[in-house]
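One structure is given here, and the rest of the page talks about it.
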Amino acid sequence: MSQDLYQAPDYFQTDELLTEEHKLIRETTREWVKKSISPIIEDACQKAEFPKQIIKGLAKIGAFGAYIPEEYGGFGLDQISYGLIMQELERGDSGVRSTASVQSSLVMYPIWKYGSEEQRIKFLPKLATGEFIGCFGLTEPGYGSNPGGMVTNIKNMGSHYLLNGAKMWISNAPFADVAVVWAKDDKGRIKGVLVERGVEGFTAPETHNKWSLRASTTGELVFDNVKIHEDNILPNKDGLGAPLECLDSARYGIAWGAIGAAMDCYDTALRYAKERIQFGKPIASFQLQQKKLAEMITEITKAQLLTWRLGVLKNEGRATCAQISMCKRNNVDMALTIAREARQILGAMGITGEYSIMRHMMNLESVITYEGTHDIHLLITGMDITGESAFK
Ligand SMILES: Cc1cc2nc3c(=O)[nH]c(=O)nc-3n(C[C@H](O)[C@H](O)[C@H](O)COP(=O)(O)OP(=O)(O)OC[C@H]3O[C@@H](n4cnc5c(N)ncnc54)[C@H](O)[C@@H]3O)c2cc1C
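So for the sequence shown, my numbering puts the first residue at 63; every next one is plus one.
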């Protein structure tokens, strides 16, 4: 990739809505992304490899467990700080942000919220430093948008449980040290199960040939009579609400992250449009290109304000699932549209790895599907405002 010249757009001075601490956290992450992600990310994506050398750096900047209390190794930050970290990481690459989202919201969050004190002490500090990497197994081959139908199950054998089933499309699965797996018990109740790498009967093959999120490793989780002890089951919450609450936290992070990807595409396209000469003039002087750029900054500004407000509500414990759905859906769609438009502004150069736009565009095709698809989030808004479910 060419030199990283990124300058974040802030058309409505939304910086004034942030505290000094927020700005410091954002600047630290932004600088780290420039130094540690931009120079290596294109190569990692071309090779379809997660760059494991960034794990320690991610841990240092607070990307693992930003809002988890310090007593468990987390950073004890507020929700806006967490969001800003996700925004800056995704400005670098959605795959990098995905790894941090999964670790924080889908692995550390359920252990912190639903785990026993022993489970918290055993896993959280190691996850916060990156010594352990985690993954979250909810989706199954036959159950994506409808995870409540899952067939993965744990059977009570008296002295232990037996876990059977398979999960697919699981981020970080092939190299995770611990998997938070959702499975039905003998009564059909969904439980969170902590499955550690290396236990007999557990494999995590990698999923190859992705054109999207290539710097994030994806895989399956396969359980064949895996012996689970009581102390590896999360005791403090069960039912579908437990994984859905984790997804709320992750979706909130995605809403911020998508703004980062959009800002990077806009900034790249704006700079290119001012420099690229056709018909003797910068292409930025042509009305059609200005329309694209003007619409981009308008949509980014709207998303910045919407998401900051969601962060305030989340800090106050007042953000609803439906508000998070609306924000995730709006921002990812906005970012994908901007990536497509920005790519056109770069002409043929837009399809190369010299610029980040095509990579963002491909990544966002996953982001618009995972953690609830674009359509499902719309139906959640529909259900919220009408009181009628159109999807279940
Ligand atoms: C790169 C990547 C990483 C992922 N990481 C994880 C992970 O770490 N952990 C995990 O558990 N999962 C993960 N997922 C899975 C992801 O969450 C699912 O792909 C997603 O929930 C959609 O499920 P599906 O792909 O089975 O699509 P389906 O549920 O089969 O949906 C297909 C289409 O039908 C539509 N549809 C479905 N039901 C309805 C309805 N009732 N009304 C209208 N339209 C409907 C959907 O909107 C979609 O457009 C990941 C996916 C990807 C691509």
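Here a beta-carbon is modelled for each residue, glycine too, at the ideal position from N, C-alpha and C.
Asked, Found
"Under a three-way DSSP split, which group does M219 fall into?", "coil"
"Just to confirm my understanding: we take D239, look at its own chain, exclude 5 residues before and 5 after, and list those with CB closer than 6 Å. What are they?", "F194, I195 and R259"
"Quick one: measure Cβ to Cβ for A281 and A266, integer angstroms, because I've assumed they're closer than 8 Å.", "It is Gly, not Ala, that sits at residue 281 in the sequence shown. About 5 Å separates the two Cβ atoms, so the contact holds."
"Have a look at the DSSP bridge pairing and note the partners of Q340.", "K343"
"Is the number of C-beta pairs between the stretch 294-304 and the stretch 121-128 that are closer than 8 Å three or more?", "no"
"Alpha carbons only, please: which of K122, K217 and I359 is nearest the one belonging to G250?", "K217"
"Using a threshold of 7 Å, state whether the C-beta atoms of S278 and S233 are closer than that.", "yes"
"Cβ-heavy atom distance between F237 and ligand 1 below 6 Å?", "no"
"Quick one, which of A106, Q115, E93 and F185 has its alpha-carbon nearest I147's?", "E93"
"Any idea what DSSP makes of F198, helix, strand or coil?", "strand"
"Please state whether the Cβ-Cβ distance between V242 and V164 is less than 7 Å.", "no"
"Tell me which same chain residues have a C-beta within less than 8 Å of the C-beta of E180, skipping the five on either side of it?", "D293"
"Drop a sphere of 10 angstroms on the beta-carbon of M219, count the other beta-carbons inside from all chains shown, and report buried for 16 or more, exposed for fewer.", "exposed"
"Determine which residues share a DSSP beta bridge with G281 and list them.", "I232 and E268"
"Comparing the CB of I232 with every heavy atom of ligand 1, is any distance shorter than 6 Å?", "yes"
"So, do the stretch 85-99 and the stretch 376-387 have three or more beta carbon pairs nearer to each other than 8 Å?", "no"
"Would you mind sorting A452 into buried or exposed? The rule is 16 or more other CB atoms within 10 Å of its CB.", "exposed"
"Over the uninterrupted alpha helix (DSSP H) stretch that includes W174, give me the two end residues.", "Y171 to Y176"
"Measuring CB to CB, does T443 end up less than 7 Å from M388?", "yes"
"Report the three-state DSSP secondary structure of Y334 (helix, strand or coil).", "helix"
"Does the Cβ of P297 have 16 or more other Cβ atoms within 10 Å, making it buried, or fewer, making it exposed?", "exposed"
"Could you check what DSSP says for W244 in three-state terms: helix, strand or coil?", "strand"
"Quick one, which of Y417, H422 and T360 has its alpha-carbon nearest Y73's?", "T360"
"At the level of alpha carbons, what is the spacing between P236 and F348?", "48 Å"
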